[in-house]
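Notes for the one structure printed next.
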Amino acid sequence: MAREEEGPAMMDAAERRLRVVSAHLEPQAGATAGLASNPTAGEYAHVQGYSVVLPEKLQTGKWNVYRSAESPLRLINRFPATPDIGTLHDNFVYAVETFTDCRYLGTRVCADGAVGDYKWMTYGEASTSRTAIGSGLIYHGISEGARIGLYFINRPEWIIIDHACAAYSYVSVPLYDTLGPDAVQFIVNHATVETIFCVPQTLSTLLSFLTQMPCVRLIVVVGGDNANTPSTTAAAGVEIITYSRLHSQGKMSSQTYRPPKPEDVATICYTSGTTGTPKRELFFLMRT
Numbered sequence: 001m002a003r004e005e006e007g008p009a010m011m012d013a014a015e016r017r018l019r020v021v022s023a024h025l026e027p028q029a030g031a032t033a034g035l036a037s038n039p040t041a042g043e044y045a046h047v048q049g050y051s052v053v054l055p056e057k058l059q060t061g062k063w064n065v066y067r068s069a070e071s072p073l074r075l076i077n078r079f080p081a082t083p084d085i086g087t088l089h090d091n092f093v094y095a096v097e098t099f100t101d102c103r104y105l106g107t108r109v110c111a112d113g114a115v116g117d118y119k120w121m122t123y124g125e126a127s128t129s130r131t132a133i134g135s136g137l138i139y140h141g142i143s144e145g146a147r148i149g150l151y152f153i154n155r156p157e158w159i160i161i162d163h164a165c166a167a168y169s170y171v172s173v174p175l176y177d178t179l180g181p182d183a184v185q186f187i188v189n190h191a192t193v194e195t196i197f198c199v200p201q202t203l204s205t206l207l208s209f210l211t212q213m214p215c216v217r218l219i220v221v222v223g224g225d226n227a228n229t230p231s232t233t234a235a236a237g238v239e240i241i242t243y244s245r246l247h248s249q250g251k252m253s254s255q256t257y258r259p260p261k262p263e264d265v266a267t268i269c270y271t272s273g274t275t276g277t278p279k280r281e282l283f284f285l286m287r288t
């Protein structure tokens, strides 16, 4: 993007701000060794750090204001080196193409109750699963823009589902099991969630009030056993399948990506609702 002509006064102000910001750069002694083994770390991080401390202070508290070291003077939504990356989907596609065989998602293998080594999934493998899950949702008739609930704690499948939402224009909605069933029911109805990914531990809770969530059409059980997972529920029109089955269905009927626009909603997060019902926050796909 061509830089606009600026007057002397504006240039002087920019230069003064740059000098002030430069004076606030945090020292990076010994940081190079910690980053050298990470193939996904940006080169600029070896020189001046990921972020800089701005001279502004928050009105309350002792916290500092930070900004990217690549753009200390102004907010941006695209980096000059990668102008084609405008959404979370674009960002992951770039990562897959650049770091295909690098480790991405790890799971600790536990045998006989002992914590074992990590079992890794590469960027390329995660991309393949992302495509399968997104295609599987299309296979089940989940339309573009639908809200997808995630009702389980952190694990690789959580990230893959979120990537699938970004690639096929779905909106992810975290459902926190720590908030209790009433909050989950409220969030599902308020966001009109059509598909819920859960684990066997949260499935029984979900089924106990499923009839009170008429917007739900599909439940996907992560880590569930096909033989022990019910295929239907008392609520008419709601199907239950395992994550592995959805993955297989999507793999056999692969669909092209339906990438969203930067201004589209990426995820809807809800607060704990300490002063009433949970309140929602919208997060968009543009990189800011």
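Taking full-length UniProt numbering, the leading residue of the sequence shown gets 1, the next gets one more, and so forth. Built from N, CA and C at the ideal position, the CB exists for glycine as well. All values reported here derive from a predicted model rather than from experimental measurement.
{"Query": "Endpoints, beta strand (DSSP E) assigned at valine 184", "Result": "Run containing valine 184: none in the beta strand (DSSP E); it sits in the alpha helix (DSSP H), 181-191."}
{"Query": "Where the beta strand (DSSP E) containing residue 293 begins and where it ends", "Result": "There is simply no residue 293 to check, as the chain begins at 1 and stops at 288 in what is shown."}
{"Query": "For phenylalanine 284, three-class secondary structure by DSSP", "Result": "strand"}
{"Query": "Residue-level contact to chain D via CB, serine 68, 7 Å cutoff", "Result": "Included in the structure is just one protein chain, with no chain D present."}
{"Query": "According to DSSP, residues forming a beta bridge with tyrosine 118", "Result": "Arg108"}
{"Query": "Candidates Val115, Ile160, Tyr151: closest to threonine 128 by CA position", "Result": "Ile160"}
{"Query": "Opening and closing residue of the beta strand (DSSP E) in which leucine 73 lies", "Result": "Element bounds for leucine 73: n/a, residue is neither H nor E."}
{"Query": "Beta-bridge partners of isoleucine 241, as assigned by DSSP", "Result": "Val220"}
{"Query": "Bridge partner(s) assigned by DSSP for isoleucine 268", "Result": "Leu282"}
{"Query": "Proline 181 classed as buried or exposed, judged by whether at least 16 other C-beta atoms fall within 10 angstroms", "Result": "exposed"}
{"Query": "Environment of proline 83 [buried if 16+ CB atoms lie within 10 Å]", "Result": "exposed"}
{"Query": "Whole-angstrom distance between glycine 116 and threonine 107, CA atom to CA atom", "Result": "9 Å"}
{"Query": "Beta-carbon separation (whole angstroms), glycine 134 vs glutamine 249, contact threshold 8 Å", "Result": "Rounded, the Cβ-Cβ distance is 11 Å, inconsistent with contact."}
{"Query": "For threonine 100: DSSP bridge partner residues", "Result": "None; threonine 100 has no bridge partner."}
{"Query": "6 Å Cβ shell around cysteine 165 - same chain, five flanking residues per side excluded", "Result": "Ile148, Ser172"}
{"Query": "Distance between threonine 131 and lysine 251 (C-alpha atoms, nearest Å)", "Result": "8 Å"}
{"Query": "Three-state secondary structure (DSSP) of asparagine 64", "Result": "strand"}
{"Query": "Alpha-carbon spacing of threonine 100 relative to tryptophan 158, whole angstroms", "Result": "20 Å"}
{"Query": "Option nearest aspartate 264 by Cα separation, candidates Val65, Leu88, Arg78", "Result": "Leu88"}
{"Query": "Inter-residue Cα distance where the pair is leucine 203 and serine 272", "Result": "21 Å"}
{"Query": "Reduced DSSP secondary structure (H/G/I, E/B, other) of threonine 205", "Result": "helix"}
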